[in-house]
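Only one structure is covered here, and it is reproduced in the block below.
Chains as they are written, first to last, in the working numbering: chain A, 1 to 182; chain B, 1001 to 1072.
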């Protein structure tokens, strides 16, 4: 009888010990997972802090940063086509064939990829069109942005067409001639 | 509120300046733009109206520096 009781007690102790050990292991594992999660959160917090610092550098509350000399990739925004569509809307131009028609008074300009046509009186069916090529000083500029540039300038200063047609160099938006080295 | 001075480039529009129009020194903004114009010939246009502007004020939140064009 006594050996049987002892065996039962030993078995019971073994079962209790086993459960206790498993519980302890679970507790250790839970602690380790918790530590890893805290570490992850810490990394995320650090990343967020870095981004916030970068934003603060870019947009100072009482000062400004300028990147005209060094091109900052964070400054790149819309693609050229989006820029053009926005300028088309601002200037009131409309899509016409392969280009964009812009009315300034009775004068109609049709701005295409590399040339502009002008009809001086759109109400006069006998009025012939004139044509001139144009290009921006920065020839790497996409065509869509060159068209947008021409639309803005012609809307503001229609006489620029004559300056471009004269082929006597580059002109600023206000009509003044411009040489890159000046 | 943030105001932006942008220009066209070979990769789309590029931000040249960003500032808070409420607190920025507008004389300094215009001085930098004058330097940029002297270097590139680009002149400022208000992107809200599409009109060329002589000076940038606190009322303009988005300005595009438009580069010269040549005929050919």
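Just so you know, even glycine gets a beta-carbon here, dropped at the ideal spot from N, CA and C.
Quick caveat, the model's predicted, so the values are computed rather than measured.
Is it buried or exposed, residue i, if we count other Cβ atoms within 10 angstroms and call 16 or more buried?
i: residue 1031 of chain B; result: exposed
i: residue 15 of chain A; result: exposed
i: residue 129 of chain A; result: exposed
i: residue 17 of chain A; result: exposed
i: residue 1041 of chain B; result: buried
i: residue 1069 of chain B; result: buried
i: residue 7 of chain A; result: exposed
i: residue 1015 of chain B; result: buried
i: residue 106 of chain A; result: exposed
i: residue 87 of chain A; result: buried
i: residue 1004 of chain B; result: buried
i: residue 80 of chain A; result: buried
i: residue 10 of chain A; result: exposed
i: residue 148 of chain A; result: buried
i: residue 154 of chain A; result: buried
Under 8 Å by Cβ, that's how I've got residue i and residue j pegged, so tell me the actual separation to the nearest angstrom.
i: residue 104 of chain A; j: residue 110 of chain A; result: Their Cβ separation, rounded to whole angstroms, is 12 Å, which puts residue 104 of chain A and residue 110 of chain A out of contact at 8 Å.
i: residue 120 of chain A; j: residue 136 of chain A; result: 25 Å between Cβ atoms; not a contact.
i: residue 108 of chain A; j: residue 161 of chain A; result: So it is not a contact: roughly 11 Å between Cβ atoms.
i: residue 1066 of chain B; j: residue 1043 of chain B; result: 6 Å
Would you say residue i and residue j are within 8 Å of each other, going by their C-beta atoms?
i: residue 152 of chain A; j: residue 1050 of chain B; result: yes
i: residue 133 of chain A; j: residue 1012 of chain B; result: no
i: residue 144 of chain A; j: residue 156 of chain A; result: no
i: residue 170 of chain A; j: residue 178 of chain A; result: yes
i: residue 100 of chain A; j: residue 93 of chain A; result: yes
Compute the Euclidean distance between the alpha carbons of residue i and residue j, then round it to the nearest angstrom.
i: residue 91 of chain A; j: residue 102 of chain A; result: 8 Å
i: residue 96 of chain A; j: residue 1025 of chain B; result: 43 Å
i: residue 1048 of chain B; j: residue 82 of chain A; result: 16 Å
i: residue 1006 of chain B; j: residue 180 of chain A; result: 20 Å
i: residue 168 of chain A; j: residue 1001 of chain B; result: 43 Å
i: residue 1039 of chain B; j: residue 140 of chain A; result: 17 Å
i: residue 142 of chain A; j: residue 1009 of chain B; result: 8 Å
i: residue 98 of chain A; j: residue 113 of chain A; result: 8 Å
i: residue 122 of chain A; j: residue 1064 of chain B; result: 30 Å
i: residue 1045 of chain B; j: residue 131 of chain A; result: 25 Å
i: residue 1036 of chain B; j: residue 127 of chain A; result: 40 Å
i: residue 12 of chain A; j: residue 4 of chain A; result: 12 Å
i: residue 163 of chain A; j: residue 176 of chain A; result: 10 Å
i: residue 1033 of chain B; j: residue 138 of chain A; result: 18 Å
i: residue 1027 of chain B; j: residue 1062 of chain B; result: 17 Å
i: residue 1052 of chain B; j: residue 159 of chain A; result: 14 Å
i: residue 45 of chain A; j: residue 1017 of chain B; result: Confidence at residue 45 of chain A is low in this model, with a pLDDT of 43, below 50, so the placement of that residue is unreliable and no value is reported for it.
i: residue 125 of chain A; j: residue 150 of chain A; result: 25 Å
- Message: Quick test of the definition: if touching needs 3 or more C-beta pairs under 8 Å, does the segment 1051 to 1060 of chain B touch the segment 1020 to 1028 of chain B?
- Response: Flag = yes, the segment 1051 to 1060 of chain B and the segment 1020 to 1028 of chain B touch.
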